[in-house]
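Structure, as structure tokens:
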Amino acid sequence: MSDLFDDAVLGAYVDGELSAEQAAAVERLIATNPEARQMVDSIREITLLVRAAAFEGMFPGYPLRLAS
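So the sequence shown is residues 1 to 68, counted in UniProt numbering.
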């Protein structure tokens with residue numbers, strides 16, 4: 001299994017924390033590996049849900065669509 005196919009690396013990719021070279025390697029991986037692609041999609045979805053929940057906790061009642 002590739003070191004790129006790791007929750008921490010894929011999470012860093014989703015968060016934009018990888019170098020350009022590392023991000024390009026992950027992009028090559030997800031272009032050819034459906035399981036890795038699904039993992040990235042899942043991490044993105046979870047990240048959005050967590051951010052939305054955190055925002056709602058900090059600003060109850062404030063419409064999230066206005067915060068974007």
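Note that beta-carbon positions come from the ideal geometry of N, C-alpha and C, so glycine has one too.
Sequence-distant residues of its chain with Cβ nearer than 7 angstroms to residue i (five each side left out)
i: arginine 44; result: Val14
i: alanine 23; result: Tyr13
i: proline 34; result: none
Where residue i falls, given that 16 or more other Cβ within 10 Å makes a residue buried
i: leucine 49; result: exposed
i: alanine 53; result: exposed
Spatially closest choice to residue i from the options, by CA coordinates
i: aspartate 7; options: Ala31, Val26 and Thr32; result: Val26
Residues near residue i in its chain [Cβ-Cβ closer than 8 angstroms; skip 5 each side]
i: aspartate 3; result: Val9
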